[in-house]
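*Asks:* My questions will all concern the structure given below.
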Amino acid sequence: MYSLLNKNKKDFELIFYVPDDQVERKAKELVYTIFNRTIYEKYKDLLYMLFKEISNYYSSMNVIYVISGQHENETKVSMLLNERFLGYAREKLRLKNIFISFSLLPDEQKIEVKVFNNKSIPKEHERRIRTLFQKFQETPNTSEFSDYPHTPEIYFSMVCRYVTAMNVDLKYLRFSNKEETSYVKLELPLSNSYVSEREMYKKVNSRK
250 MYSLLNKNKK DFELIFYVPD DQVERKAKEL VYTIFNRTIY EKYKDLLYML FKEISNYYSS
310 MNVIYVISGQ HENETKVSML LNERFLGYAR EKLRLKNIFI SFSLLPDEQK IEVKVFNNKS
370 IPKEHERRIR TLFQKFQETP NTSEFSDYPH TPEIYFSMVC RYVTAMNVDL KYLRFSNKEE
430 TSYVKLELPL SNSYVSEREM YKKVNSRK
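Last residue of the sequence shown: 457 in my numbering, with the numbers rising by one and none dropped.
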């Protein structure tokens, strides 16, 4: 079960509780639609896999939260993302209004890919994800994290690998976790003159 918002026939937002087969099919369809005939067309499958890694991580954390009342026992993460649990979890998430959205927002300068979770993740996970992103920026081809069990690292190391495989600088990959929400956003430049939101923010602050 999902909702699809398409306000201006260009921007798409897919809203769902769990990434079941129906959601994954629709997400893949949207990726193929948006990136067809763009400079990223040949990376459509990587972009879809990027969505899957992030949504599976957020979904697993949400499911663990609604079942146990807290984020705990991360070894359960992979076990909870199977069909036996998804129907049970979907109703619990619906009642608590905990959802994920996947949006694709193209404009003249970039295509923004964003996976948003309206539930924050544990601070320890946030710290580990930020450390991982920093290490991948320093050493993009690192294999240091390939053997982690079912933890944030296994999901987000794959995200970093997909981004570098598309020849996109990791500076365009952003992560936020504050108050009650969390998101991962990837800006895909459509021109060499594009300035990332992070760079623009630094420029504005440097003038103050």
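Cβ atoms here follow ideal geometry from the backbone N, Cα and C, with glycine treated the same way. Only a predicted model underlies this, so the values are computations on that prediction, with no experimental measurement involved.
By DSSP's criteria, V264 is part of a beta bridge. Which residues make up the other side?
*Replies:* Sequence inspection shows Ile at residue 264; the Val mentioned does not correspond to that position. The partner list for I264 (beta bridge, DSSP) reads S252 and S350.
*Asks:* DSSP three-state label for T388, please.
*Replies:* coil
*Asks:* From this set, S425, E428 and V412, which residue's C-alpha is nearest L295's C-alpha?
*Replies:* Here the closest residue by C-alpha is V412.
*Asks:* If you run the structure through DSSP and keep just helix, strand and coil, what is K277?
*Replies:* helix
*Asks:* Closer than 8 Å by C-beta to F300: which residues in its own chain qualify, once you throw out the five before and the five after it? Chain order, please.
*Replies:* A276, V280, F351, V362 and V364
*Asks:* Give me the DSSP bridge partner(s) of L419.
*Replies:* Paired residues: none, contrary to the question.
*Asks:* For E302 versus Y404, is the C-beta distance shorter than 7 Å?
*Replies:* yes
*Asks:* For Y366, which residues from the same chain have a beta carbon less than 6 Å from its beta carbon, with the 5 sequence-adjacent residues on both sides left out?
*Replies:* In the sequence on display, residue 366 carries Asn and not Tyr. Here the set comprises Y307, I349 and S431.
*Asks:* Quick check on DSSP: helix, strand or coil for I408?
*Replies:* The sequence shown places Val at residue 408, not Ile. If DSSP states are grouped into helix, strand and coil, V408 belongs with the helices.
*Asks:* Among residues of its own chain, excluding the 5 on either side of E273, which ones have a beta-carbon nearer than 8 Å to its beta-carbon?
*Replies:* K301
*Asks:* Within the same chain, show all residues whose beta-carbon is closer than 8 Å to that of A414, passing over the 5 residues directly before and after it, in chain order.
*Replies:* Y292 and L295, listed in sequence order.
*Asks:* Give the secondary structure of E428 by DSSP, where H, G and I count as helix, E and B as strand, and everything else as coil.
*Replies:* coil
*Asks:* Which residue's Cα is closest to the Cα of F284: I347, D356, S317 and F385?
*Replies:* D356
*Asks:* Drop a sphere of 10 angstroms on the beta-carbon of I378, count the other beta-carbons inside from all chains shown, and report buried for 16 or more, exposed for fewer.
*Replies:* Of the residues assessed, I378 falls on the buried side of the cut-off, its CB having 16 or more other CB atoms within 10 angstroms.
*Asks:* Short of 8 Å in beta carbon distance, which residues of its chain neighbour E446, apart from the five on each side in sequence? Order them along the chain.
*Replies:* The answer, listed in chain order, is R423 and E436.
*Asks:* Within its chain, find whatever has a CB closer than 7 Å to the CB of E290; leave out the 5 residues flanking it on each side and keep chain order.
*Replies:* F284
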